[in-house]
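Trainee:
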Amino acid sequence: MLLRTTLLLCLFATLLPSCGRTQNADPNSGAAAQTARDTSGTAARLQNLQKVLNTVRESMNSTKDTVEADRLANAAYATTKVLATLARAWDLDGSWKQIIDGKEQEFIREDATRAGRSGKIVNGMLGVHDMFQTMYGMRYANRADRMLTLDTMSSTIQRLMKERADGATLLGQLADDCFHLSKAVFLDLDKDSVFAGHIDQVDQVYAEGRGAAETGEDLFLNGMYRTFEVCQVWAFSLDVTKRNQVKQIYSSMISRTSAREGIGHQMATAMEHFYRIVDYIAATIIASGR
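Numbered by this note's numbering, the letters in the sequence shown go through residues 763 to 1052 in order.
(1) Using only CA atoms, which one of Ile861, Ala805, Asn823, Arg807 lies nearest to Asp1041?
(2) Do you know offhand how far Ile870's Cα is from Ser944's?
(3) Counting pairs of Cβ atoms below 8 Å between the segment 945–962 and the segment 992–1012, do you hit three or more?
(4) Quick one: what does DSSP say Phe1061 is sitting in, helix, strand or coil?
(5) Do you know how far the Cα of Lys882 is from the Cα of Val814?
(6) Mind the definition here: the segment 906–915 touches the segment 854–874 only if three or more C-beta pairs lie below 8 Å; say whether that holds.
(7) What's the C-alpha gap between Thr977 and Gln867?
(8) Could you give the distance in angstroms between the alpha-carbon of Asp855 and the alpha-carbon of Gly973?
(9) Under a Cβ-count criterion, where at least 16 other Cβ atoms within 10 Å of its own Cβ denotes burial, should Arg833 be classed as buried or exposed?
(10) Ala793 by DSSP, collapsed to three states: which one?
(11) What is the DSSP secondary structure of Glu970, reduced to helix, strand or coil?
(12) For Gly985 and Ala877, I'd like the C-alpha separation in whole angstroms.
(13) Just how far apart, CA to CA, sit Gln1010 and Asn836?
(14) Can you give the beta carbon distance from Ile961 to Val1008, rounded, assuming they're within the 8 Å contact cut?
Have a look at this one:
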């Protein structure tokens, strides 16, 4: 099993600078984006997006699942929906609507074909992966080298699926990719590199965990914990006045992970708390209209 240091997420919340937003959370720019933001339809669009988040929250809060596989699958499905909603919040001019819709439709089609708990978990993580790739594409669409990174990731996942790799290996690769994708998205958002030092800390812990990983489950945990940490920095950067709210998500994750050492419990807990931090990010961005 992965070294216990994997569970020691970087607690650097109190070290974050007390500054406002330094990022451009809008991948569109110029007069067209400003005009879209000022139209009367913008408020209605954001309200609809918030309703989606509320529906997902109600579903997550009402679930009674205790089986670890079900918890993991449900949280991955919820995270996929939230990430799609965040991507739509960024898509001010609708230029990415067809792509986002297509990804969601593909996710639904695959859900109908994947049977059993393992199939649902894989589909949930594929959904999370696809949505991170979409957001990455929204940030780096004009960079050929960056698009090559997406092609390489997709080829690796397709190869693993074609080779019928075991589920843990596939999940580990998906989670590992999510770390790299989320980090790249945030670094593009952090235009002034105010939080670059904190991401460097996450990178160091990632490298240690990656080197110690012995199984697909280990790789999954390292990837998801580190992705959580990237998103924790992202969440702080959006509104430093709500620092305690973000720290509570972190504290809950540590408490629940330490309460029981089963690998299935750790994986489910990691995904559940990752959903919570992503939901916080999406809700904050939608509420701000940015």
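Every residue, glycine too, gets a C-beta built ideally from N, C-alpha and C. Keep in mind that this is a model prediction, so the values were computed, not measured.
Mentor: Result, derived from the coordinates:
(1) Asn823
(2) 23 Å
(3) yes
(4) With the chain running from 763 to 1052 in the structure shown, residue 1061 is simply not present.
(5) 21 Å
(6) no
(7) 32 Å
(8) 43 Å
(9) buried
(10) Unreliable positioning characterises Ala793 in this predicted model, as indicated by a pLDDT of 47, which lies under 50. A coordinate reading is not provided.
(11) helix
(12) 25 Å
(13) 21 Å
(14) About 16 Å; that fails the 8 Å criterion.
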